[in-house]
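Structure, as structure tokens:
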Amino acid sequence: MSSSTSSTIDMTIDSHIATITLNRPEKRNAISDDMRTQLIEALTRASTDPTVRAVVLTGNGKGFCAGGDVSGMAQRMEAPAGEVAFNGWSRQQRVHHTVNLLYSMPKPTIAAVNGAAAGLGADMALSCDFIVASEEASFAWSYIRRGLIPDGGGMYFLPRRVGLARAKELTFSGRKVEAAEALALGIADRVCSAGDLLAHSQAWAAELSLGSPTALALGKSILNQSYELSAQQVFAQGSQAQAVCYTSQEHRDAVLAFLNKSR
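Here it is in structure tokens:
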């Protein structure tokens, strides 16, 4: 087991599962600029480390992530009028880079939502492949209450989870969705007790990552695009990916193992 800790992000690797913990409990793990930088570093390491087969993202304390740091919003408003737009654009690039690292991670990702996931916190949970919610978890796309729109991928991910009309309702109202409703709507994939959340999520991550890392990474990449591509494009990408899989050591070992058993 290995671990690394920064001031606001903690990452442990145990049995090939990287658990990344948002570690700013006094702020309900609201994302500051420094915290985002550290999270990017942790996600990049998890993505490129060959010993890591899956990632679990969770929060320390009572909340999963309260969204963006409101104090940072206040600082942005104090900037000269001519700089506000470009500063915002620059910050958005960092936000989208963070979310994309989760979304495009070539390994299974699970959000273990231990408490409130609001705004950017809810978006980050959606950017994972799967969401396991504690019975104490809740979700809210509360941007509207700050005069904003979902900027962490929610306008892309949420309709794919719950349908367009429901995504509009949740975005326009900014209301809270408790764990049971989140499961019923398809926001969460599983709900478990708070005490079992992390162990359950890590065990599921291990189960999901037992197969060939090559096939998993390529298959995930195509599935992530499947709503935007035509059938013929998916078939073409699948053909190319399968050709790569044919050359992988995992495929060779699996075929030989099967043949040896059948002899």
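Mapping of the sequence shown onto this note's numbering: position 215 corresponds to residue 206, and the numbering continues sequentially without gaps. Yeah, the Cβ is synthetic: ideal placement off N, Cα and C, and Gly gets one too.
8 Å Cβ cutoff met for residue i and residue j
| i | j | result |
| --- | --- | --- |
| glutamate 241 | alanine 185 | no |
| alanine 76 | alanine 128 | no |
| serine 38 | leucine 111 | no |
| methionine 115 | cysteine 56 | yes |
| glycine 165 | tryptophan 132 | yes |
| alanine 124 | valine 104 | yes |
| glycine 145 | alanine 108 | no |
| valine 90 | glycine 138 | no |
| arginine 85 | arginine 27 | yes |
| histidine 7 | threonine 49 | no |
| arginine 44 | serine 200 | yes |
| threonine -1 | glutamine 29 | yes |
| alanine 232 | leucine 207 | no |
| leucine 149 | leucine 161 | yes |
| glycine 54 | arginine 82 | no |
Extent of the continuous alpha helix (DSSP H) to which residue i belongs
| i | result |
| --- | --- |
| aspartate 114 | 111 to 117 |
| serine 129 | Unbroken run through serine 129 is the beta strand (DSSP E), 129 to 131; no alpha helix (DSSP H). |
| isoleucine 213 | 204 to 214 |
| alanine 196 | 188 to 199 |
DSSP state of residue i mapped onto helix, strand, coil
| i | result |
| --- | --- |
| methionine -8 | coil |
| leucine 13 | strand |
| glycine 177 | coil |
| aspartate 5 | strand |
| glutamate 160 | helix |
| glutamate 126 | coil |
| glycine 79 | helix |
Bounding residues of the beta strand (DSSP E) (the contiguous stretch that carries residue i)
| i | result |
| --- | --- |
| aspartate 142 | Per DSSP, aspartate 142 belongs to no beta strand (DSSP E) and is neither H nor E. |
| leucine 48 | 45 to 50 |
| isoleucine 22 | Per DSSP, isoleucine 22 belongs to no beta strand (DSSP E) and is neither H nor E. |
| serine 54 | Residue identity check: residue 54 is glycine in the sequence provided, not serine. Per DSSP, glycine 54 belongs to the beta strand (DSSP E) from 54 to 56. |
| threonine 100 | 100 to 104 |
| alanine 234 | No beta strand (DSSP E) contains alanine 234, which is instead part of the alpha helix (DSSP H) from 222 to 237. |
Beta bridge counterpart(s) of residue i as assigned by DSSP
| i | result |
| --- | --- |
| serine 217 | Partner(s): none; serine 217 has no beta bridge. |
Neighbourhood of residue i by C-beta distance below 6 Å, restricted to the same chain and skipping five residues each side
| i | result |
| --- | --- |
| alanine 248 | none |
| aspartate 5 | Met(-8) |
| glycine 52 | Pro16 |
| glutamine 193 | Ile8 and Val47 |
| serine -6 | Thr3 |
Contacts around residue i, its chain only, beta-carbon distance under 8 Å, and the 5 residues preceding and following it disregarded
| i | result |
| --- | --- |
| tryptophan 195 | Ile101, Phe121, Val123 and Arg181 |
| leucine 34 | Ile11, Val46, Thr89, Leu92, Leu93 and Met96 |
Cut-off 7 Å between Cβ atoms - residues of its own chain near residue i, not counting five sequence neighbours on either side
| i | result |
| --- | --- |
| leucine 188 | Ala103, Asn105, Val123 and Ser125 |
| phenylalanine 163 | Ile135 |
| isoleucine 31 | His88, Thr89 and Leu92 |
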